[in-house]
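Trainee: The structure under discussion is supplied below as structure tokens; questions concerning it will follow.
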Amino acid sequence: MTAEDSIIEPRIGVSRTLLPLINSCNNYKPLTPGDLNLYEFLASNYMETHDVAQSKIVSTLASGLRDPLVYQWYYDDRQHLRTLSLPRFIAALRAKFLPRYWADDIEQSILLTSLQGWDEPVVQWTSKLRAQNVLLKGTKNHLSDTKLLVHLKTHLNKALVDMCSKDETLQMENDLDAWCEAIRALEDGKTMAGQKRPLGDSEESSSKRARLSIVGDHYVPQRDSISPASPHRRSHSPALVPKYPHFPLGRGDHYSRPFSSTPYRSDGLFKLTESERKWICAHDGCFKCRRIGVYHTSSACPNGHPKASRYQGITLADGFTLARGAPAKR
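Each residue of the sequence shown is one higher than the one before, starting from 1 at the first, in the numbering used here.
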């Protein structure tokens, strides 16, 4: 084997004429959502710069299918595939070569396990989630800018939540790009007007204390998320995630509700506060199952009340996920 033969080509590449390529892989590494996302971008750019007719798009791209599994798949069904538009051809590639629930997995990783780390820079955190959402373009799982912005606002760490609460302009910002720039400037110690705003000693110490939960008479560090993604989530609803991780809202042995004035129901659940009811109403939710986006009322709820032993609050992520996996009424 020569030195040239030992060179490993990237999975996705371009020819000298910029034709996008799907190269073969010596270790048979499967294609990833990122691979096909890049391939779609390169293909779209090639079609525009070379003025390829719509009817010739797929047949033109076929010359760059160098992976034996991919080009054999194309060859076997070429009569049908040649009639597809570029988006539908990419969708066919994803359906054939990606895991069945790849889009669900990425969406869940965004919505359920994406609380901002305590020491994680906000620009790194927001960029990571937005990049994951880009992979969902063209699928039903893709989050609109509005939904993604709501998720980002409700999953900041405690220090930034406190800082945002003092900035009305930032709270009212509805443009995703503008909000990301503003929150980055705020974390860097600048206000919306560009003035320096260093954290004081008391603010730093209170921020550190916010990351602790009380267990008996001791303080223990609190995790960023108390509901990691479940590998069996399609067969049952995942664990609920608290709206703010620094204020656990469950009744477990290791957590206590910060506001003792909220009364219990007879089954052990906390009664909904007025603000929680308004929030559920605003998101087409149900007071009984405490899920959002379900478009039914308590009197017609097919899910029933959540178990007190598992209930730990309501989040926007819960509503989108649980509504999709809610058990059918029997």
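Backbone N, C-alpha and C fix where the C-beta goes; we use that ideal spot for every residue, glycine too.
Could you give the C-beta distance for residue 292 and residue 305, rounded to a whole number, given that I count them as a contact under 8 Å?
Mentor: That pair is no contact at about 15 Å.
Trainee: For residue 126 and residue 177, I'd like the C-alpha separation in whole angstroms.
Mentor: Approximately 10 Å, taken between the alpha carbons.
Trainee: Does residue 52 come out as helix, strand or coil in the three-state DSSP assignment?
Mentor: Coil at residue 52, not helix or strand.
Trainee: Roughly how many angstroms separate the alpha carbons of residue 51 and residue 90, rounded to a whole number?
Mentor: Their backbone Cα atoms lie some 19 Å apart in a straight line.
Trainee: Within 8 Å, do at least three Cβ pairs link the region 23-42 to the region 90-106?
Mentor: The region 90-106 vs the region 23-42: in contact.
Trainee: Cβ atoms of residue 122 and residue 187: under 7 Å apart, would you say?
Mentor: Yes; because the gap between Cβ atoms is below 7 Å, this pair is in contact.
Trainee: When you compare only the Cα positions, how much space is there between residue 162 and residue 183?
Mentor: Each residue's alpha carbon lies about 12 Å from the other.
Trainee: Leaving out five residues on either side along the sequence, give the residues of the same chain with a beta carbon under 6 Å from the beta carbon of residue 64.
Mentor: 19, 20, 21.
Trainee: Is it buried or exposed, residue 88, if we count other Cβ atoms within 10 angstroms and call 16 or more buried?
Mentor: Classification of residue 88: exposed, given that the 10 Å Cβ count is below 16.
Trainee: Using only alpha-carbon positions, find the residue among 13, 119, 59, 102 that is nearest to residue 78.
Mentor: Comparing Cα positions, the closest option is 59.
Trainee: For a quick check, are the C-beta atoms of residue 39 and residue 57 less than 7 Å apart?
Mentor: Taking 7 Å as the Cβ cut-off, residue 39 and residue 57 do not qualify as a contacting pair.
Trainee: Nearest to residue 26 by alpha carbon, out of 276, 85, 148, 66?
Mentor: Among 276, 85, 148, 66, the Cα nearest to that of residue 26 is on 66.
Trainee: Candidates 179, 76, 47, 103: which alpha carbon is nearest residue 86's?
Mentor: Here the closest residue by C-alpha is 47.
Trainee: Taking the C-alpha atoms as reference points, what is the distance between residue 69 and residue 37?
Mentor: So the alpha carbons of these two residues sit roughly 19 Å apart.
Trainee: What separation, rounded to the nearest whole angstrom, lies between the Cα atoms of residue 296 and residue 285?
Mentor: Cα-Cα distance, rounded: 7 Å.
Trainee: Please check the pair residue 280 and residue 287, which I expect to be a contact at CB under 8 Å, by giving their CB distance rounded to whole angstroms.
Mentor: With 8 Å as the limit, residue 280 and residue 287 qualify as a contact, their Cβ atoms being about 6 Å apart.
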